[in-house]
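Enquirer:
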Amino acid sequence: MSARSDIPSDVHAVFNQSPPFENVDLFGTDRALQEAVAANGAAGAAAELGAFGRRWGEASMFERARQANEHLPRLSTFDPKGRRLDTVEFHPAYHAFMADSVGAGLHASTWRLDGAVAAAPAEVERAARFYMVAQVENGHMCPITMTSAAVAALAAAPGLRAALMPKIVSRGYDPRFRPWPEKSGMTLGMGMTEKQGGTDVRANTTRAMRDGEAYRITGHKWFMSAPMSDAFLVLAQAAGGLTCFLIPRFRPDGSVNALHFQRLKDKLGNRSNASAEVEFDDAYAQRVGGEGEGIRTILAMVQRTRLDCAIASAGMMRAAVARALHHTRHRAVFGKPLAGQPMMRAVLADMALEAEAALALVMRLCRAFDLAKSSPAEAARARLLTPAVKYLVCKAAPALAYEAMECLGGNGYVEEDALARLYREAPVNAIWEGSGNVMCLDVLRAFARDRDAARAVLDELARETRGLPGATETLDTITATLTGDAAEAHARMAVERLARLAAAAALNAGGPAIVAEPFARSRLAQSHGATYGTAALGAAETTMLLSRALPEM
Ligand SMILES: Cc1cc2nc3c(=O)[nH]c(=O)nc-3n(C[C@H](O)[C@H](O)[C@H](O)COP(=O)(O)OP(=O)(O)OC[C@H]3O[C@@H](n4cnc5c(N)ncnc54)[C@H](O)[C@@H]3O)c2cc1C
């Protein structure tokens, strides 16, 4: 008997494997992104975003991301003679990402030199870039986010902010370990979490003693990421209560400030970024805001880091869907491409729908940030929806990353494939900057503090989702739950629905109703199954969602 003619004689022939997912135009291949950018006032930036997307989708960027996450940051606590160093060494790939992201203004483009917010659509434009970067490398985005968000807290110290802003808005990344006034640009970090509590920062034990115009800080922080930042916003107990401070790496006299790094965390993901345990030993600090106003001051920063968590998670979802689609289009099983098989198509379309909704949701929220200064309605929208959006999108990303990985079968599970790293990265955005339950409590707080404003946001969502399946019932459930006796116990259910309703509204306003309708039907009117592929999507809807999600490549 002769061998089958379709079996290659070369045992090393590689066939039925997808080509590498690289040299991808991250903007041009993402129709939902183009539409969301246009719908939220940034159509004029399309050409620049296109160039950005082509650059970040280059094979060299994906390779650099692999390097930055394989060659981990290394802590140097002491020099060979026992003198303290407290420095962290990063792989050049990490620095290259920092230089690119700072160069593109991701760390400061939403601010003006005077510390005021930049004009719309600065948030939407930045978010589009941030979302594309999140599809490539996530670790370095931590200091990028913190630097950008810290400016909001610095509003409480106008003099200090005026001194820092020229260095913050600079597009020159300067990684040298030097006092910030000597550098061409600077980045900022944040230290709130202590061993005994991260959510409950009122339990902070770090102490601040006044020393003339400045303060001396003594205590510890259990997580302080990006420890090579030039300065950190830190909470500490002063005589007047919990207070926000700026702790620079160097004292004004040029000597190294007393920040002693104990060790770096060995993390599940986010490995290119260093997260340190740190002790302050009489560290020099400047006050930001009044004594006792620490929580209020730092919350201005945290609202923005939460927004970034949601944008980055939406970006990760996009990366996962695109990679799953790409692979299944090139991989045949039982003689037919996977992406042509009915059950796989149902899984892929359901994931594409979830990812597109996440994107529409975060971009509409960025529009609210863009308009908040001039519109109380948009400010109220940003206040109520930021925690809800962070809750839903950051929680959706890990499950979606897992399902995308399974679409690649065994190939998805090995470390050489970017999906494995994405999967390990995905949970962190839900955990830091306020974990899931804390986000729900924050929605309750917003509702309780200004019920009229919150109701106005719900009324607006009602108008924007009129006619969509399940919208009215969802709204009724949200209102009844958030105002009911057991609001806290049922908050997750209400907040998830709130975010889904807002996603339906964003899809309805920005994209073709053909996407909003199946989203509302499968997520508002019906309860979605525990896994992807369980939404009852029609064949035409499935085809439409898959062709929107990624052109054939
Ligand atoms: C990789 C990484 C980097 C980090 N970097 C920084 C950093 O740079 N700076 C910094 O300050 N922190 C940082 N953190 C810390 C992070 O912000 C905290 O871990 C987070 O805020 C949660 O605090 P916690 O770990 O103390 O958990 P806890 O506060 O103990 O909370 C545990 C769980 O309980 C839930 N919970 C809390 N209160 C309630 C309630 N009332 N009702 C119901 N549930 C509740 C929370 O949602 C959470 O799920 C980092 C964390 C990670 C993982």
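Per the numbering used here, the very first residue in the sequence shown carries number 805; after that it's consecutive.
Glycine included, C-beta positions come from ideal geometry on N, C-alpha and C.
Note that the structure is a prediction, hence the values are computed from the model and not measured.
#1: Per DSSP, which one or two residues make a beta bridge with glycine 1314?
#2: Identify, in the order they occur along the chain, each residue of the same chain with its Cβ nearer than 6 angstroms to the Cβ of aspartate 1112, setting aside the five sequence neighbours on each side.
#3: What are the complete alpha helix (DSSP H) segments, minimum 4 residues, inside the segment 929 to 958?
#4: Report buried or exposed for valine 1218, applying the criterion of at least 16 other Cβ atoms within 10 angstroms of its Cβ.
#5: Measure the C-alpha to C-alpha separation of glycine 993 and leucine 1063 and round it to an integer number of angstroms.
#6: Let me know if glycine 1342 comes out buried or exposed under the rule of 16 or more other beta-carbons within 10 Å of its beta-carbon.
#7: Output yes if chain B places a C-beta closer than 9 angstroms to the C-beta of aspartate 1070; else output no.
#8: Which term fits serine 752, buried or exposed, when burial requires 16 or more other beta carbons within 10 angstroms of its beta carbon?
#9: For alanine 931 and aspartate 810, what's the separation of their Cα atoms in angstroms?
#10: Determine, using beta carbons only, whether glycine 1073 and valine 940 come nearer to each other than 9 angstroms.
#11: From Asp883, Met1155, Glu1300 and Val1082, pick the residue whose C-alpha is nearest to that of leucine 1196; which is it?
#12: Sort Gly1096, Ala1306, Ile1102 and Thr1022 by Cα distance to glycine 1044 and report the nearest one.
#13: If you measure between the beta carbons of glutamine 821 and asparagine 1215, is that distance less than 9 angstroms?
#14: Beta-carbon separation of threonine 1338 and aspartate 1085 under 9 angstroms?
#15: Where does the unbroken alpha helix (DSSP H) through lysine 971 begin, and where does it stop?
#16: Could you name the residues of the same chain whose beta carbon sits closer than 6 angstroms to that of arginine 1185, not counting the 5 residues immediately before and after it, in chain order?
#17: What's the gap between the Cα of tyrosine 935 and the Cα of glutamate 1210?
#18: Should asparagine 1061 be listed as close to ligand 1, given that the test is whether its C-beta is under 8 angstroms from any heavy atom?
#19: If you drop the 5 nearest sequence neighbours on each side, which residues of the same chain put their C-beta closer than 6 angstroms to that of alanine 1176?
#20: Pull up the distance between the alpha-carbon of alanine 903 and that of glycine 989, whole angstroms please.
#21: Per DSSP, what are the beta-bridge partners of isoleucine 1051 in this structure?
#22: Can you tell which of Ala967, Ala897 and Pro812 has its C-alpha closest to the C-alpha of asparagine 942?
#23: Going by the C-beta, is threonine 1003 closer than 8 angstroms to any heavy atom of ligand 2?
#24: Near alanine 1307, what residues of its chain come up, given a Cβ to Cβ distance below 8 angstroms and the 5 sequence neighbours on each side ignored?
#25: With respect to 8 angstroms, is the separation between the Cβ of methionine 1120 and the closest non-hydrogen atom of ligand 1 below this value?
#26: Are three or more beta carbon pairs between the segment 1053 to 1067 and the segment 876 to 891 nearer than 8 angstroms?
#27: Have a look at arginine 1270 and phenylalanine 819 and give me their C-alpha separation to the nearest angstrom.
#28: Report yes if the C-beta of glutamate 1237 is less than 8 angstroms from at least one heavy atom of ligand 1; otherwise report no.
#29: Tell me whether the segment 1225 to 1239 and the segment 1197 to 1208 touch, counting them as touching only if at least three CB pairs, one residue from each stretch, are closer than 8 angstroms.
#30: Residues in its own chain within less than 6 angstroms of arginine 1325 by CB, not counting five upstream and five downstream?
#31: Judging by CA-CA distance, which residue of Pro1031, Glu862, Ala1042 and Arg982 is the nearest neighbour of proline 1058?
#32: So, is arginine 1108 buried or exposed, given that buried needs 16 or more other C-beta atoms within 10 angstroms?
#33: So is glutamate 986 buried or exposed if we call it buried at 16+ other beta carbons inside 10 Å?
#34: Cβ of threonine 1022 within 8 angstroms of any heavy atom in ligand 1?
#35: Is there contact between the segment 1143 to 1153 and the segment 1288 to 1300, where contact requires at least three CB pairs shorter than 8 angstroms?
#36: Ends of the beta strand (DSSP E) at valine 892?
Expert: For this structure:
#1: As far as DSSP is concerned, glycine 1314 takes part in no beta bridge.
#2: Thr949
#3: Taking only runs of at least 4 residues, the alpha helix (DSSP H) segments lying wholly in the segment 929 to 958 are 945 to 958.
#4: Its Cβ having fewer than 16 others within 10 Å, valine 1218 is exposed.
#5: 13 angstroms
#6: exposed
#7: Although the question refers to chain B, the structure presented lacks it and comprises just one protein chain.
#8: Here the chain has residues from 805 to 1357 only, and residue 752 is not among them.
#9: 49 angstroms
#10: no
#11: Glu1300
#12: It is Gly1096.
#13: yes
#14: With contacts defined by Cβ atoms closer than 9 angstroms, threonine 1338 and aspartate 1085 do not form a contacting pair.
#15: 962 to 973
#16: Ala1172 and Val1261
#17: 23 angstroms
#18: no
#19: Glu1182, Ala1183 and Ala1186
#20: 11 angstroms
#21: Phe1036
#22: Distances from the alpha-carbon of asparagine 942 to those of Ala967, Ala897 and Pro812 put Ala897 closest.
#23: Ligands displayed in this structure: ligand 1; ligand 2 is not among them.
#24: Ala1161, Ala1162, Ala1164, Leu1165, Leu1196, Phe1323 and Arg1327
#25: no
#26: yes
#27: 50 angstroms
#28: yes
#29: yes
#30: Pro1273
#31: Checking the sequence, you will find glycine at residue 1058 rather than proline. Checking every option, the nearest Cα to that of glycine 1058 belongs to Arg982.
#32: buried
#33: Around the beta-carbon of glutamate 986, fewer than 16 other beta-carbon atoms lie within 10 Å, marking it exposed.
#34: In this structure, the C-beta of threonine 1022 stays at least 8 angstroms away from each heavy atom of ligand 1.
#35: no
#36: In this chain, the beta strand (DSSP E) harbouring valine 892 covers 888 to 893.
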